[in-house]
Amino acid sequence: MTSGEPAADGQAGLEAFGPDRFSNRELSWLEFGDRLLDLAGDETLPLLERVRFLAILSEGLDEFFQVRVAGLMDQVDAGLRARSSDGLRPGEALRAVRERVGELVDRQSEIFLAKVVPALADAGIRLSDWSSLDDDDRCHLVDVFERQIFPVLTPLAVDPGHPFPYISNLSLNLVVRVVDPISHLERIARVKVPPLLPRFVVMPDGERFVPLEQVIAAHLGPLFPDMVIGEHYSFRVTRNADLSLEEDEADDLLAAVEMELRRRRFGRAVRLEVAADISPDVLDLLVRELDLTSDDVTRSTAPLDLGGLWAVAGLDRPDLQTEPWTPMTPPPLATAGNEPTDLFAVLRERDVLVHHPYDSFTTSVEAFVAQAAEDPDVLAIKQTLYRTSGDSPIVASLIRAAELGKQVAAVVELKARFDEQNNILWARALEEAGVHVVYGLVGLKTHSKLALVVRREEHGVRRYCHIGTGNYNPKTARLYEDLGLLSADPDIAADVGDLFNFLTGFSRHDRYRALLVAPMTLKRRILEMIDEEVAAGPDGRIVLKANGLTHPEVIDALYRASAAGVPVDLVVRGVCCLRPGVPGLSDTITVRSIVGRFLEHSRIFRFGGGQRPLRIFIGSADLMERNLERRIETLVPVWDPELQARLVEVLQLCLADDVNAWTLGPSGRWSRVPCRRGVSVQGQLQQQALERARRRREPETLGSTAGPG
Numbered sequence: 000m001t002s003g004e005p006a007a008d009g010q011a012g013l014e015a016f017g018p019d020r021f022s023n024r025e026l027s028w029l030e031f032g033d034r035l036l037d038l039a040g041d042e043t044l045p046l047l048e049r050v051r052f053l054a055i056l057s058e059g060l061d062e063f064f065q066v067r068v069a070g071l072m073d074q075v076d077a078g079l080r081a082r083s084s085d086g087l088r089p090g091e092a093l094r095a096v097r098e099r100v101g102e103l104v105d106r107q108s109e110i111f112l113a114k115v116v117p118a119l120a121d122a123g124i125r126l127s128d129w130s131s132l133d134d135d136d137r138c139h140l141v142d143v144f145e146r147q148i149f150p151v152l153t154p155l156a157v158d159p160g161h162p163f164p165y166i167s168n169l170s171l172n173l174v175v176r177v178v179d180p181i182s183h184l185e186r187i188a189r190v191k192v193p194p195l196l197p198r199f200v201v202m203p204d205g206e207r208f209v210p211l212e213q214v215i216a217a218h219l220g221p222l223f224p225d226m227v228i229g230e231h232y233s234f235r236v237t238r239n240a241d242l243s244l245e246e247d248e249a250d251d252l253l254a255a256v257e258m259e260l261r262r263r264r265f266g267r268a269v270r271l272e273v274a275a276d277i278s279p280d281v282l283d284l285l286v287r288e289l290d291l292t293s294d295d296v297t298r299s300t301a302p303l304d305l306g307g308l309w310a311v312a313g314l315d316r317p318d319l320q321t322e323p324w325t326p327m328t329p330p331p332l333a334t335a336g337n338e339p340t341d342l343f344a345v346l347r348e349r350d351v352l353v354h355h356p357y358d359s360f361t362t363s364v365e366a367f368v369a370q371a372a373e374d375p376d377v378l379a380i381k382q383t384l385y386r387t388s389g390d391s392p393i394v395a396s397l398i399r400a401a402e403l404g405k406q407v408a409a410v411v412e413l414k415a416r417f418d419e420q421n422n423i424l425w426a427r428a429l430e431e432a433g434v435h436v437v438y439g440l441v442g443l444k445t446h447s448k449l450a451l452v453v454r455r456e457e458h459g460v461r462r463y464c465h466i467g468t469g470n471y472n473p474k475t476a477r478l479y480e481d482l483g484l485l486s487a488d489p490d491i492a493a494d495v496g497d498l499f500n501f502l503t504g505f506s507r508h509d510r511y512r513a514l515l516v517a518p519m520t521l522k523r524r525i526l527e528m529i530d531e532e533v534a535a536g537p538d539g540r541i542v543l544k545a546n547g548l549t550h551p552e553v554i555d556a557l558y559r560a561s562a563a564g565v566p567v568d569l570v571v572r573g574v575c576c577l578r579p580g581v582p583g584l585s586d587t588i589t590v591r592s593i594v595g596r597f598l599e600h601s602r603i604f605r606f607g608g609g610q611r612p613l614r615i616f617i618g619s620a621d622l623m624e625r626n627l628e629r630r631i632e633t634l635v636p637v638w639d640p641e642l643q644a645r646l647v648e649v650l651q652l653c654l655a656d657d658v659n660a661w662t663l664g665p666s667g668r669w670s671r672v673p674c675r676r677g678v679s680v681q682g683q684l685q686q687q688a689l690e691r692a693r694r695r696r697e698p699e700t701l702g703s704t705a706g707p708g
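In case it helps, numbering that gives the first Met the number 0 puts the sequence shown at residues 0 to 708.
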């Protein structure tokens, strides 16, 4: 098959490439981890930003093992041998994952020890170990240990009367060899490093940090008085933490989630992290007692749990950090002086696109809900909540609205992974305030980002809505790049109302005027719009921005577009199972990833343009099986030409970026884009936000300085 030649008989032609046309999902995620390490090792970046990327990778690997690796291990244990779309059986994928993880951990340790630690020392921030401290330092740490650490510790012996203790998920521990000087009996003991104490002990000068486990290891004597302390090693255990609910358990979804959270604490071990110098017999003991194999062990020359580096990344050292960014109020929502904006009046005139963190979440989305809560003409507020902070102003506004007698409904997704407990706590606070709380749907996660306000007006009841790509979380809104549409469009708002009725009541509603909703219509319409571009051939155009692309049907549809000569540009931050640039399969497809200061999180889907009609959507859905088939997801069309132009420009900047961009090759490996023009999509969008704010202020400035007459 020659380059660019259409595949014969569509799908049959694609299947001639076999499973090689797909990359493995787990291995693709690990390649995202490799991009994080590229940034951690980049000496042109601010030093504490590099530290932050090391911490992000460490936490990402924790979640990867708790969910993805745990799932592979379950499949292997169940004897499943079916091949995934990429052609690998579960056991084969697991072996490949373990090998790649070993390479990543080795690289992470090298970057941390050989590059980051010396650079921190040069900047006056020293990650010290006990052996490097002088007598005064050690005296200080003795005092810290006796007052703050020792009272919290509980040594647990392992002997015939003391079985091997349960090791909790993600806990950092010391395993200690102890000898009785009289009987000469040798015992093993475990000391858990207290998780609520700071990961690093700060020295009095505020510039040196000693790992907590080293302080404990230097004071094992008081924990085992009159015993001879032998060698000691740090270790850490990761357990299966994927929450799964059976249909017959879910009569009370809240109770079922709470029960599953208790079960999670006792999930099977899936990874053992150990210090590289651990003795073979101690390692054998840990492997045996945790019911693991040697393949499940990860050795590290760096301190375990580099997620603790968040404490270092957060130091008050502006000289080592990126210049702080203050989000701007979107011009349509800004007013002169201190007068509050009448958001409803603005939205009656036009839709408003907000782009966080460049646009302020506080003065747009939070203000929308807060104004609705206080407005006496607002009759009802409905909101989906997937992940939010415990002190969320939006939750406070919903409570305030309920107290003022408005009808308030919140669809709370209890199954938001690793946020379940937080969601339970503030969902109960909402219920106590009189909010109607619905705990999602059994079998489907509610991942849509929706807010609906119903308001009484002169000509009847009118609905206003917000549809976004990110969570209603003020903290992540300053760190994640996300989009949202504020609208009073009758069709869009009516669809949002219908979707809320589906989520809170009994309904089989699956027809929407404007919205694309998963699992009902979204996948079908995405495939149809790709096929419509296929029909246009080289005059077609597809540009998609998402966090993940794994769905085989969508990937094959994009391959068909390439065979028809359609230019296809994909911006995929994380997992991508499509292979671009394969002759005869994906000649016209490019894939790039943007990884920078802000976490790229928005989803933008563009079809057509140029001489053909432009269709562009934003929303909550990635192009993955879970999003298109097992979640409630929403995409909203953006119709306003000015707002469409802004979204097209965002996509064009992503494709032009040569500061924070990587490109994917046919082999499934990524390479960093050479920096030639110095285009940063995030930097450019910051400048545009500043320029929009400046243009808004200029008329005020001119008016205030103009003389009489």
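By construction, the Cβ of each residue, glycine as well, lies at the ideal position given by its N, Cα and C atoms. None of these values were measured; they are calculated from a predicted model.
* **Residue burial classification, Glu-632 (beta-carbon count within 10 angstroms, cutoff 16)** => Your numbering for residue 632 matches position 633 in the sequence shown. Around the beta carbon of Glu-632, a 10 Å sphere encloses 16 or more other beta carbons of the protein chains shown; the residue is thus reported as buried.
* Roughly how many angstroms separate the alpha carbons of Leu-449 and Glu-690, rounded to a whole number? -> Your numbering for residue 449 matches position 450 in the sequence shown. Your numbering for residue 690 matches position 691 in the sequence shown. Their Cα atoms are separated by approximately 29 Å.
* Quick one: Cα of Ser-207 to Cα of Gly-442, how far? -> To locate residue 207, count along the sequence shown from 1; it is residue 208. To locate residue 442, count along the sequence shown from 1; it is residue 443. According to the sequence as given, residue 207 is Arg; it is not Ser. Approximately 50 Å, taken between the alpha carbons.
* **contact_flag[the stretch 562 to 578, the stretch 513 to 521] where n(CB pairs < 8 Å) is 3 or more** => Verdict: no, contact absent.
* Should Pro-162 be labelled buried (16 or more other beta-carbon atoms within 10 Å of its own) or exposed? -> For the purposes of this step, residue 162 is taken as the residue at position 163 of the sequence shown. Taking all protein chains shown into account, Pro-162 has fewer than 16 neighbouring C-beta atoms within 10 Å of its C-beta and is therefore exposed.
* Own chain partners of Ala-401 with C-beta closer than 7 Å, once the 5 adjacent residues on each side are dropped -> Here residue 401 refers to the residue found at position 402 when the sequence shown is read from its first residue. Around Ala-401: Val-407, Ala-432, Gly-433 and Val-434.
* What do you get for Ala-317, buried or exposed, if any count of 16 or more other CB atoms within 10 angstroms of its CB means buried? -> By one-based count along the sequence shown, residue 317 stands at place 318. Per the sequence shown, residue 317 should be read as Pro rather than Ala. It is exposed - the Cβ of Pro-317 has fewer than 16 other Cβ atoms within 10 Å.
* Asked: Count the other CB atoms within 10 Å of the CB of Leu-710; is the residue buried (16 or more) or exposed (fewer)?
  -> Here the chain comprises residues numbered 0 to 708, so residue 710 is not present and cannot be evaluated.
* Asked: Just how far apart, CA to CA, sit Leu-79 and Arg-88?
  -> Start at 1 with the first residue of the sequence shown, and residue 79 comes out as number 80. Start at 1 with the first residue of the sequence shown, and residue 88 comes out as number 89. One C-alpha to the other measures close to 8 Å.
* Taking only the alpha-carbon atoms, compute the straight-line gap between Leu-378 and Val-460 and give it to the nearest angstrom. => By 1-based counting over the sequence shown, the position of residue 378 is 379. By 1-based counting over the sequence shown, the position of residue 460 is 461. The alpha-carbon atoms of Leu-378 and Val-460 are separated by roughly 9 Å.
* **beta strand (DSSP E) segment containing Arg-20, residue limits** => Counting from 1 along the sequence shown, the entry for residue 20 is found at position 21. No beta strand (DSSP E) holds Arg-20; DSSP gives it neither H nor E.
* State the Cα-Cα distance for the pair Glu-245 and Ala-372, rounded to the nearest angstrom. => Counting from one through the sequence shown, the residue named residue 245 turns up at place 246. Counting from one through the sequence shown, the residue named residue 372 turns up at place 373. Confidence at Glu-245 is low in this model, with a pLDDT of 46, below 50, so its placement is unreliable and the value that follows should be read with caution. Across the structure, Glu-245 and Ala-372 are spaced so that their CA atoms are roughly 37 Å apart.
* CB-CB length for Leu-478 against Ile-617, believed under 8 Å -> One-based indexing of the sequence shown puts residue 478 at position 479. One-based indexing of the sequence shown puts residue 617 at position 618. About 19 Å; that fails the 8 Å criterion.
* Take every Cβ of the stretch 461 to 478, pair it with every Cβ of the stretch 517 to 529, and state whether three or more of those distances are shorter than 8 Å. => Contact fails: fewer than three Cβ-Cβ distances are below 8 Å.
* **Cα-Cα separation, Val-658 to Arg-34** => Taking the first residue of the sequence shown as position 1, residue 658 is located at position 659. Taking the first residue of the sequence shown as position 1, residue 34 is located at position 35. In a straight line, the C-alpha of Val-658 is about 13 Å away from that of Arg-34.
* Give the secondary structure of Pro-566 by DSSP, where H, G and I count as helix, E and B as strand, and everything else as coil. => By 1-based counting over the sequence shown, the position of residue 566 is 567. Coil.
* To do: Check whether the Cβ atoms of Leu-557 and Ile-603 lie closer than 8 Å to each other.
  => Along the sequence shown, read from residue 1 onward, the residue named residue 557 stands at position 558. Along the sequence shown, read from residue 1 onward, the residue named residue 603 stands at position 604. Contact: no.
* Asked: What's the call for Ile-181, buried or exposed, on a 16-neighbour Cβ count within 10 Å?
  -> Residue numbering aside, residue 181 sits at position 182 when the sequence shown is read from its first letter. So Ile-181 counts as exposed.
* Asked: Based on Cα-Cα distance, which residue from Thr-503, Arg-176, Lys-191 and Leu-397 lies nearest to Thr-445?
  -> Here residue 445 corresponds to residue number 446 of the sequence shown, with the count starting at 1. Closest by alpha carbon: Thr-503.
* Asked: Counting only runs that start and end within the stretch 105 to 165, where is the alpha helix (DSSP H) found for 4 or more residues in a row?
  -> Fully enclosed alpha helix (DSSP H) runs of 4 or longer: 116 to 121 and 134 to 143.
* Asked: On the three-state DSSP scale, how would you describe Cys-653?
  -> Within the sequence shown, the letter at position 654 stands for residue 653. In the structure shown, Cys-653 sits in a helix (DSSP, three-state: H, G or I).
* **Residues bridged to His-354 [DSSP beta-bridge criterion]** => Taking the sequence shown and counting its residues from 1, the one referred to as residue 354 is at position 355. Paired residues: Leu-482.
* Asked: Does the Cβ-Cβ distance between Gly-32 and Leu-60 come in under 8 Å?
  -> As a working note, residue 32 is residue 33 in the sequence shown. As a working note, residue 60 is residue 61 in the sequence shown. Their beta carbons are under 8 Å apart, which means Gly-32 touches Leu-60 by this criterion.
* **Asp-37 versus Leu-346 - alpha carbon distance** => One-based indexing of the sequence shown puts residue 37 at position 38. One-based indexing of the sequence shown puts residue 346 at position 347. Between the alpha carbons of Asp-37 and Leu-346 lies a gap of roughly 43 Å.
* To do: Report the partner residues of His-435 according to the DSSP bridge assignment.
  => Here residue 435 corresponds to residue number 436 of the sequence shown, with the count starting at 1. DSSP output for His-435 lists Ala-408 as bridge partner(s).
* Separation of Ala-301 from Ser-131, as counted between CA atoms -> On the sequence shown, residue 131 is found 132 positions in, with the first residue counted as 1. On the sequence shown, residue 301 is found 302 positions in, with the first residue counted as 1. Rounded to the nearest whole angstrom, the CA to CA distance from Ser-131 to Ala-301 is 16 Å.
* **Limits of the unbroken beta strand (DSSP E) element including Phe-499** => For the purposes of this step, residue 499 is taken as the residue at position 500 of the sequence shown. Judged by DSSP secondary structure, Phe-499 falls outside any beta strand (DSSP E) and instead within the alpha helix (DSSP H) spanning 489 to 503.
* When we look at the beta-carbon of Pro-326 and count the other beta-carbons within 10 Å, is it buried (16 or more) or exposed? -> For this step, residue 326 is matched to residue 327 along the sequence shown. Pro-326 should be labelled buried.
* Which stretch, first to last residue, makes up the beta strand (DSSP E) that contains Ile-277? -> For this step, residue 277 is matched to residue 278 along the sequence shown. Per DSSP, Ile-277 is not a residue of any beta strand (DSSP E), being assigned neither H nor E.
* In terms of alpha-carbon separation, which member of Thr-297, Arg-695 and Val-353 lies closest to Leu-103? -> As a working mapping, residue 103 is identified with position 104 in the sequence shown. Comparing alpha carbon positions, the residue from Thr-297, Arg-695 and Val-353 closest to Leu-103 is Thr-297.
* Asked: Which whole-angstrom value describes the C-beta separation of Asp-85 and Ser-22, a residue pair presumed to lie in contact below a C-beta threshold of 8 Å?
  -> Walking along the sequence shown from the start, residue 85 turns up at place 86. Walking along the sequence shown from the start, residue 22 turns up at place 23. With a Cβ gap of about 6 Å, Asp-85 and Ser-22 count as contacting.
* Asked: Can you tell me where the alpha helix (DSSP H) with Phe-360 in it begins and where it stops?
  -> In the sequence shown, the residue the question calls residue 360 occupies position 361. No alpha helix (DSSP H) contains Phe-360, which DSSP labels as neither H nor E.
* Straight-line gap, Pro-193 to Val-209 (C-alpha atoms, nearest Å) -> Sequence index remark: in the sequence shown, residue 193 carries index 194 (1-based). Sequence index remark: in the sequence shown, residue 209 carries index 210 (1-based). Rounded to the nearest whole angstrom, the C-alpha separation of Pro-193 and Val-209 is 15 Å.
* **Close Cβ partners of Gly-306 (< 6 Å) along its chain, the five nearest in sequence each way excluded** => In the sequence shown, counting from the first residue as 1, residue 306 sits at position 307. So the list reads Ala-54, Ser-57 and Glu-58, once near-sequence residues are dropped.
* Asked: From which residue to which residue does the beta strand (DSSP E) around Ser-299 run?
  -> Translated into the one-based positions of the sequence shown, residue 299 becomes position 300. For Ser-299, the enclosing beta strand (DSSP E) covers residues 296 to 299.
* Asked: Near Leu-26, which residues of its chain fall below 8 Å by C-beta distance, leaving aside the five closest residues on each side in sequence?
  -> Taking the sequence shown and counting its residues from 1, one reaches residue 26 at position 27. Closer than 8 Å at the Cβ level, and outside the excluded window around Leu-26, lie Ala-92, Ala-95, Val-96, Arg-99 and Gly-667.
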